[in-house]
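Chain order of the listed sequences is A and B. Read in order, the letters of the first sequence correspond to residues 1 to 224 in my numbering. Read in order, the letters of the second sequence correspond to residues 1001 to 1224 in my numbering.
Protein chains: 2
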Amino acid sequence: MASQNAVTEGTPARPRRQARGQQRIEEILHAAAAVFGEQGYDATTTNSIAKRAGISPGSLYQFFKNKDDIARALAEHYATQLTALRAGVFTIENLDGAGLEDTVDAVLGPLVAFNLAHPGFKALFARTDMPAGLRDAVTPIQVTIHHRVADLIAHFMPDRALDDIARIATVSIQLVRGMTPLITEADGPERDALTAELRTAVISYLSQQVARVPQHTRPRAARA
Amino acid sequence: MASQNAVTEGTPARPRRQARGQQRIEEILHAAAAVFGEQGYDATTTNSIAKRAGISPGSLYQFFKNKDDIARALAEHYATQLTALRAGVFTIENLDGAGLEDTVDAVLGPLVAFNLAHPGFKALFARTDMPAGLRDAVTPIQVTIHHRVADLIAHFMPDRALDDIARIATVSIQLVRGMTPLITEADGPERDALTAELRTAVISYLSQQVARVPQHTRPRAARA
DNA sequence: CTAAAATACGAGCAGATGCTCGTGTTGTCT
DNA sequence: AGACAACACGAGCATCTGCTCGTATTTTAG
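What follows is the structure, encoded as structure tokens:
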């Protein structure tokens, strides 16, 4: 956005990255994701991230202001990948004619896969009590996610009040967030079973909500 | 390690408490619950607990071995009160003839009230990623809770396999745990609304599970 | 009353953690 | 080639946190 060249002084300490630096940044984020996923955010030390990335602490701080800054960058990284995921799989247009179950499947499947592929994700997003710095880093992205889910839900209950929709979206997200650590920490068949349980929980909750106002809505969720 | 007591050597460093000390212990636990609830477990310092309790750090460590020990004692304190709660409200015998909805209500209502009355509770139990010390402190009690919930659930689906029952109990508990922080942090009417949503989610999830095996079970959940 | 145990104090230690700083190396631009 | 910026290093600083220790006071036991 702002001019990063030497002439203007808009962003003081923002160096012009070279290719090496860009790669380092990605290596650091990769290492941070791994360590966050294994140890949790609080227990993760910046020195351990540097060690994991194969660099010195000093080098790390050439690319990131502090620990929260790493979390913020990683959160944005995840947000970007989630956006790509959405574009590829569960666009609203693609699901407009689909039923509730198919929609939930279309969202939940890739989301679980994403959590398994990116162990750091749940460490940043699936916590209920966050330190202030982490909270600031992830809330904007949580708001974005909430908007998308609310849009999706609104399609199935168009005559509900907006704050009802918002609340149902919040609850749905929270159901998923609560189950995610259980799923990622389980192995093989138990993991599949828990994923199926999550699917059941979300679908039955949302079905109940759809059925709640049967006048205007056509509650035939399974077939369009 | 050396025995400082005269006669028996059963519990080496366990002094014979006087009335004053017992009261101090309760004051410390009360203070710890408050600070845990406000700051979270990690952010809470032992010195801040001592300050809140109106004593010096040295005095605190005359009654508790370390920070985890405080958490463990507080967790046991909560477990005791929960047991009293169960005895008073939702004994299995009392609910044997009741339907699923009434049973869930009988559990969820007092449980939410308990969470509101004891702000430290969710800081100890409602976290998904716990430091090792805290995990050790609360897991025994979580196992107890899980047993009780599984017993309750088993009454509604007697022909399900034991690990199915266990998994359903785990998921149910997780649904409640995930929603608890949302509920306690909300105010007035929004809190009530979220509580109602939690009720809906749990009941619809469990109803779905009860309906899944209709052969042997009599799925007349609402009326006995 | 007296000795021992329990309670109380609070300055401060040992260890850890996020982060810095001085210095040296690599890359880029002219 | 020279100059400057980006990159890299790692010992170590400043700070915090859980906890201790020497000491003083209160309570209990005999």
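Even for Gly, the Cβ is constructed at its ideal location relative to N, Cα and C. All values derive from a computational prediction rather than experimental measurement.
Tell me whether residue i is buried or exposed, calling it buried when 16 or more other Cβ atoms sit within 10 Å of its Cβ.
i, result
"H1118(B)", "buried"
"Y1205(B)", "buried"
"H1155(B)", "exposed"
"L1082(B)", "buried"
"P181(A)", "buried"
"R72(A)", "buried"
"Y1078(B)", "buried"
"A123(A)", "buried"
"V143(A)", "exposed"
Assuming contact is defined by CB atoms lying nearer than 8 Å, are residue i and residue j in contact in what I supplied?
i, j, result
"I1153(B)", "I1165(B)", "yes"
"R135(A)", "L1194(B)", "no"
"I1258(B)", "I1049(B)", "Since the displayed chain B opens at 1001 and closes at 1224, residue 1258(B) lies outside it and no answer follows."
"L100(A)", "A32(A)", "no"
"L175(A)", "G1178(B)", "yes"
"Q209(A)", "M130(A)", "no"
"D42(A)", "A137(A)", "no"
"T1128(B)", "T200(A)", "no"
"R86(A)", "R14(A)", "no"
Is there a C-beta anywhere in chain A that falls below 8 Å from the one on residue i?
i, result
"V1149(B)", "no"
"T1128(B)", "yes"
"A1201(B)", "yes"
"R1177(B)", "yes"
"S1204(B)", "yes"
"A1193(B)", "yes"
"D1042(B)", "yes"
"A1222(B)", "Caution applies to A1222(B), whose pLDDT of 43 falls short of 50 and renders its modelled position unreliable; the value that the coordinates give is listed next. Not an interface residue."
"A1137(B)", "no"
"Q1023(B)", "no"
"T1011(B)", "Bear in mind that a pLDDT of 41 at T1011(B), under 50, signals an unreliable position, so the number given afterwards is only what the model happens to contain. T1011(B) does not count as touching chain A."
"E1197(B)", "yes"
"P1131(B)", "yes"
Taking 8 Å as the CB-CB limit, is residue i close to chain B?
i, result
"V143(A)", "no"
"L182(A)", "yes"
"Q18(A)", "no"
"P189(A)", "no"
"Q174(A)", "yes"
"Q208(A)", "yes"
What's the gap between the Cα of residue i and the Cα of residue j?
i, j, result
"V35(A)", "F121(A)", "11 Å"
"F1063(B)", "K1051(B)", "15 Å"
"L964(B)", "E27(A)", "Chain B is shown only over 1001 to 1224; residue 964(B) falls outside these bounds and no answer can be derived."
"D192(A)", "G133(A)", "34 Å"
"T103(A)", "N115(A)", "19 Å"
"G37(A)", "T1184(B)", "27 Å"
"G10(A)", "T1046(B)", "Its pLDDT being 39, under 50, G10(A) is placed unreliably by the model, and nothing is read from it."
"I1145(B)", "L29(A)", "39 Å"
"R88(A)", "G188(A)", "Position check: residue 88(A) holds Gly in this sequence, whereas Arg was assumed. Rounded to the nearest angstrom, the two C-alpha atoms are 26 Å apart."
"G1058(B)", "A1161(B)", "52 Å"
"T44(A)", "D1159(B)", "45 Å"
"I55(A)", "T170(A)", "40 Å"
"R1017(B)", "A1113(B)", "33 Å"
"S207(A)", "V1202(B)", "13 Å"
"D98(A)", "N1066(B)", "Correcting the residue type first, residue 98(A) is Ala in the shown sequence and not Asp. The straight-line gap from Cα to Cα measures roughly 56 Å."
"T1080(B)", "A1150(B)", "19 Å"
"E76(A)", "A53(A)", "19 Å"
"G40(A)", "A126(A)", "11 Å"
"R212(A)", "T139(A)", "31 Å"
"S172(A)", "Y1061(B)", "44 Å"
"A186(A)", "Q1022(B)", "42 Å"
"A1084(B)", "L1108(B)", "15 Å"
"D163(A)", "A106(A)", "25 Å"
"E1190(B)", "A196(A)", "30 Å"
Give me the subset of the stretch 153-172 of chain A whose CB atoms are less than 8 Å from a CB atom of chain B, sorted by chain position. R167, I168, T170 and V171
To be precise: take each residue of the stretch 1057-1078 of chain B, compare its Cβ to all Cβ atoms of chain A, and keep it if any distance is under 7 Å. Which residues remain? none
Tell me which residues of the stretch 1110-1129 of chain B have at least one Cβ-Cβ distance to chain A shorter than 7 Å, keeping chain order. A1123, A1126, R1127, T1128 and D1129
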